[in-house]
Amino acid sequence: MASFWYVSDGEVEAFSEQEVDWKNSALVIAPSPEDALIKVMQYNQGIIDRVELIYNGRAVVAIV
16 MASFWYVSDG EVEAFSEQEV DWKNSALVIA PSPEDALIKV MQYNQGIIDR VELIYNGRAV
76 VAIV
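Those letters in the sequence shown? Residues 16 to 79, by my numbering.
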């Protein structure tokens with residue numbers, strides 16, 4: 016099952032509505048923290064993109 020992860024400067028923690036700036040931090044949906052880091056690397060290489068979705072009743076942008 017996938018979870019929401021907050022990735023900031025290579026550190027991964029569970030997302031709890033932290034502010035994402037897309038320069039040093041990202042919101043990622045992935046099954047594990049390791050997969051979240053891989054997705055951030057793929058995003059930075061232009062392999063995958065981010066999408067807008069609803070989280071706790073508000074729109075957020077995440078890498079999926």
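Heads up, the beta-carbon is just placed ideally off N, CA and C, and yes, glycines get one too.
* **CA-to-CA distance, W20 to P48, given in whole angstroms** => The residue given as residue 48 occupies position 33 in the sequence shown. The residue given as residue 20 occupies position 5 in the sequence shown. One C-alpha to the other measures close to 7 Å.
* Minimum C-alpha distance to A77 - residue among V27, V55 and L42 -> To locate residue 77, count along the sequence shown from 1; it is residue 62. Ranking V27, V55 and L42 by Cα distance to A77 puts L42 first.
* **Rounded Cβ spacing between V75 and L52 (contact assumed at less than 8 Å)** => The sequence position of residue 75 within the sequence shown is 60, counting from 1. The sequence position of residue 52 within the sequence shown is 37, counting from 1. The pair is not a contact, with the Cβ atoms about 19 Å apart (cut-off 8 Å).
* Leaving out five residues on either side along the sequence, give the residues of the same chain with a beta carbon under 8 Å from the beta carbon of M16. => In the sequence shown, counting from the first residue as 1, residue 16 sits at position 1. Hits under 8 Å: P46.
* **For V79, the three-state DSSP class (helix, strand or coil)** => Sequence index remark: in the sequence shown, residue 79 carries index 64 (1-based). Coil at V79, not helix or strand.
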